[in-house]
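Chemist: Handing you a structure now.
Numbering (the working numbering), first residue to last: 5 to 314.
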């Protein structure tokens with residue numbers, strides 16, 4: 005080889021001699037890169053590799069586990085965003101989606117576009133993937149954790165990607181599958197043989213939620229509030245007819261002066277809270293259904309039953 009001045013120079017070249025070594029070997033004189041972890045040795049002498057091991061790599065697509073998790077995150081984020089958007093836009097929940105639900109949808113939409121872009125690229129460095137997942141997890145924990153703070157994560161270690169992602173991957177999966185439940189749930193009332201009935205499929209609502217009955221009719225508000233309490237009975241479907249026939253008190257109703265802020269505002273409605281302290285409510289909780297009988301005349305009667313989470 006010649007220099008810029010035309011002088012001849014001799015270069016000594018070295019050739020990289022890579023070799024596969026066991027973790028039990030003395031590797032003090034070597035620069036090492038972990039490739040795989042042996043899980044077991046079969047009777048025929050073949051080796052079973054640990055599928056959870058993540059090799060040191062420059063591209064997540066080299067690792068089957070990271071590649072599969074990228075696909076899972078992309079699908080899970082998109083699915084959650086679609087479900088939440090449909091729920092917010094459904095007629096039953098119209099007007100009651102709170103700020104937290106819209107912020108969650110914004111979070112999911114933002115991350116969906118990011119992970120979709122990542123999945124379309126032929127190369128994604130593990131550290132970039134780690135930062136994407138850590139950012140997603142931190143945002144999700146604002147909504148899913150009582151502390152509103154992210155959990156501690158392992159520091160990124162390029163030579164030990166298995167431990168780097170050991171906590172992060174399951175935490176992201178758990179957070180994505182945590183459902184952000186709406187504060188107010190509409191319980192449709194169906195008329196069956198003169199009795200209105202609403203089925204409550206979520207048992208946690210029966211234990212901890214506040215139940216509110218919204219009532220509207222073409223009559224003066226104070227008259228509606230007074231007559232409805234006097235001329236209605238609420239109990240379980242099994243006991244409502246007996247209560248009506250022998251005039252036994254059911255679940256008491258308490259008039260609310262203002263509409264609960266968790267419910268959509270509709271002009272002309274009066275709101276009544278169901279008293280859950282008596283034995284009649286225990287019957288409702290046991291059967292998982294609310295039954296309502298209304299006697300007398302209430303022109304253009306319109307009723308909505310809501311459960312409001314605490």
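By construction, the Cβ of each residue, glycine as well, lies at the ideal position given by its N, Cα and C atoms.
Helix, strand or coil for residue 203 per DSSP?
Modeler: In the structure shown, residue 203 sits in a strand (DSSP, three-state: E or B).
Chemist: Counting C-beta neighbours from all protein chains within 10 Å, is the total for residue 43 16 or more, i.e. buried, or is it exposed?
Modeler: Residue 43 is exposed by the Cβ-count criterion.
Chemist: If I measure Cβ to Cβ from residue 60 and keep anything under 7 Å in the same chain, skipping five residues before and after, which residues do I get?
Modeler: 37, 38, 162, 163 and 165
Chemist: When the Cα atoms are used, what is the spatial distance from residue 258 to residue 312?
Modeler: 16 Å
Chemist: Mark residue 117 as exposed unless 16 or more other C-beta atoms lie within 10 angstroms of its C-beta, in which case mark it buried.
Modeler: Answer is exposed; the Cβ neighbour count stays below 16.
Chemist: Is it true that the CB of residue 297 sits closer than 8 Å to the CB of residue 248?
Modeler: yes
Chemist: Going by DSSP, name the residue or residues bridged to residue 294.
Modeler: 202
Chemist: Near residue 51, which residues of its chain fall below 7 Å by C-beta distance, leaving aside the five closest residues on each side in sequence?
Modeler: 42 and 45
Chemist: To which residues does DSSP link residue 238 through a beta bridge?
Modeler: Looking at the DSSP assignment, residue 238 forms a beta bridge with 296.
Chemist: List, from N- to C-terminal side, the alpha helix (DSSP H) runs of 4 residues or more that fit wholly inside the stretch 139-209.
Modeler: 165-168 and 172-180
Chemist: Thinking C-alpha only, which one of 73, 295, 19 and 55 is nearest residue 201?
Modeler: Ranking 73, 295, 19 and 55 by Cα distance to residue 201 puts 295 first.
Chemist: CA-CA distance, residue 33 and residue 63?
Modeler: 27 Å
Chemist: Tell me the DSSP bridge mates of residue 44?
Modeler: In DSSP, residue 44 forms a bridge with 52.
Chemist: Counting C-beta neighbours from all protein chains within 10 Å, is the total for residue 47 16 or more, i.e. buried, or is it exposed?
Modeler: Flag for residue 47 reads exposed.
Chemist: Should residue 168 go down as buried or exposed, given a rule of 16 or more other Cβ atoms within 10 Å for buried?
Modeler: buried
Chemist: Which class does residue 81 belong to by DSSP, given the choice of helix, strand or coil?
Modeler: In the structure shown, residue 81 sits in a helix (DSSP, three-state: H, G or I).
Chemist: In angstroms with no decimal places, state the Cα-to-Cα distance between residue 75 and residue 241.
Modeler: Answer to the nearest angstrom: the Cα atoms are 47 Å apart.
Chemist: Based on DSSP bridge pairs, tell me the residues matched to residue 220.
Modeler: DSSP links residue 220 through a beta bridge to 306.
Chemist: Compute the distance between the beta-carbons of residue 85 and residue 70, then report whether it is under 8 Å.
Modeler: no
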